[in-house]
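Undergrad: Residue numbers (the UniProt record's numbering): 1 to 357.
Just so you know, even glycine gets a beta-carbon here, dropped at the ideal spot from N, CA and C.
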């Protein structure tokens, strides 16, 4: 071997450094940060996001294909299985496109899979952790998030929000990362605290746990129907004819209906003020179970007080306590939001990602 063809290891390292610098975009030269080197020795370039031209909606990442394959069985099949992504010319750079993934979310995913611990944030918003868990769910590798989950999830265990989309995202996240207590409490909050007003929602959120969301919506409707039915039946009871039992404890056959009339009038007045009379159909109620309960439980019911006959104190006929007791019983008898099947699914997910204890 001649001296001209010989190269020391130091010279080779210098050439490698020059090559790496040449491959790396330079902000000072005005090059956009649409190409990120996660692994300088990486053999795979992943283009993430739709092909949007110059609008910056897609980004490229240089990664290690084997690292991705070890982290995700889906990437293992994609890169080293029978998928077309594994086929490439030996002379070309190995590249694949993930058109449906979010570049920023994939960036965090790539940092985690490649062990760049200092680049992983200590806090994430609910939207960020939702998007990240959607991505790890798709690639079957949510277990890679376990070291950060306790810290990330801490703010959401006591989340003060009754927004339906927010709670649906939290339900998805808590299921995917095996947060049993948060999952249970969020299920109940979706029934009790959320309205049903139409709004634009991410369809993927609805599809991911559609069976669970359908059950929660059904429980909400059934609970609202029971509360409305209570007042519908009671107002009808106050207008019965003499041949039927009357509400007034001191009623006599063909006697006056002053007691029932006072009670009925005050209930109808309060319901009308709350826009709940005539009694609406359950499907026409947009508000939450909790909001409806507050309206119905704060109705002021008047009575005629001391009657004309001695010992006839009509305050005993006041139905307010009876109605509140029945409302509370309706809530207590509400079907459990979570069935055994859902608990078993959650336990299986916890075991799968290594959070079972």
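If I measure Cβ to Cβ from residue 193 and keep anything under 6 Å in the same chain, skipping five residues before and after, which residues do I get?
TA: 162, 288, 290
Undergrad: If the criterion is Cβ atoms closer than 8 Å, does the pair residue 259 and residue 304 meet it?
TA: yes
Undergrad: On a CA-only basis, which of 247, 235, 245 is nearest residue 276? Give me that one, please.
TA: 235
Undergrad: Could you check if residue 39 is buried or exposed, using at least 16 other CB atoms within 10 Å of its CB as the buried criterion?
TA: buried
Undergrad: According to DSSP, simplified to helix, strand and coil, what is residue 313?
TA: strand
Undergrad: Can we say the segment 334-343 touches the segment 212-223, given the rule of at least three CB pairs closer than 8 Å?
TA: With three or more CB-CB distances shorter than 8 Å, the segment 334-343 counts as touching the segment 212-223.
Undergrad: Just list the beta strand (DSSP E) runs in the segment 44-123, keeping only unbroken ones of 3 residues or longer that don't cross its boundaries, in chain order.
TA: 44-48, 59-63, 94-98
Undergrad: Beta carbon of residue 65, beta carbon of residue 44: below 8 Å?
TA: In contact: residue 65 and residue 44 (Cβ atoms closer than 8 Å).
Undergrad: Kindly indicate which three-state DSSP category residue 353 falls into: helix, strand or coil?
TA: Residue 353 falls in the helix class under three-state DSSP.
Undergrad: Please say whether residue 131 and residue 153 have beta carbons closer to each other than 8 Å?
TA: The Cβ atoms of residue 153 and residue 131 do not sit closer than 8 Å to each other.
Undergrad: Cutting at 8 Å between CB atoms, please list the residues of its own chain near residue 263, excluding the five before and the five after it.
TA: Around residue 263: 238, 247, 301, 302, 303, 317, 318, 319.
Undergrad: State buried or exposed for residue 110, treating a residue as buried only when at least 16 other CB atoms are found within 10 Å of its CB.
TA: It counts as buried.
Undergrad: Comparing C-alpha positions only, which one of 144, 297, 250 sits nearest to residue 312?
TA: 250
Undergrad: How should residue 227 be labelled, buried or exposed, when 16 other C-beta atoms within 10 angstroms of its C-beta is the threshold for buried?
TA: buried
Undergrad: If you draw a straight line from the C-alpha of residue 224 to the C-alpha of residue 282, how long is it?
TA: In this structure, the alpha-carbon of residue 224 lies about 6 Å from that of residue 282.
Undergrad: DSSP on residue 139, reduced to helix/strand/coil?
TA: In the structure shown, residue 139 falls within a coil segment according to DSSP collapsed to helix, strand and coil.
Undergrad: Less than 8 Å between the C-beta atoms of residue 37 and residue 62, yes or no?
TA: yes
Undergrad: Does DSSP put residue 249 in a helix, in a strand, or in coil?
TA: coil
Undergrad: Counting C-beta neighbours from all protein chains within 10 Å, is the total for residue 72 16 or more, i.e. buried, or is it exposed?
TA: buried
Undergrad: Closer than 7 Å: is that where the CB of residue 354 sits relative to any heavy atom of the ligand SAM?
TA: Among the components modelled here there is no ligand, and therefore nothing to report on the ligand SAM.
Undergrad: By how many angstroms is the C-alpha of residue 315 removed from the C-alpha of residue 126?
TA: 52 Å
Undergrad: In terms of residues, what are the limits of the beta strand (DSSP E) holding residue 330?
TA: No beta strand (DSSP E) holds residue 330; the alpha helix (DSSP H) holding it covers 320-332.
Undergrad: Here's the rule: buried if 16 or more other CB atoms are within 10 angstroms of the residue's CB, otherwise exposed. What is residue 133?
TA: buried
Undergrad: Could you tell me which of 207, 107, 143 sits nearest to residue 171, measuring between CA atoms?
TA: Comparing Cα-Cα distances from residue 171 to each of 207, 107, 143, the minimum goes to 207.
Undergrad: Spatial neighbours of residue 94 within its chain, please: CB distance less than 8 Å, with the 5 preceding and 5 following residues excluded, ordered by chain position.
TA: 43, 44, 45, 65, 88
Undergrad: Looking at the structure shown, is residue 36 part of a helix, part of a strand, or coil, going by DSSP?
TA: strand
Undergrad: Of all the options 344, 352, 299, 292, which has the alpha carbon lying nearest to the alpha carbon of residue 330?
TA: Looking from the CA of residue 330, the closest CA among 344, 352, 299, 292 belongs to 292.
Undergrad: Closest to residue 230 by CA distance: which of 324, 59, 82, 144 is it?
TA: 324
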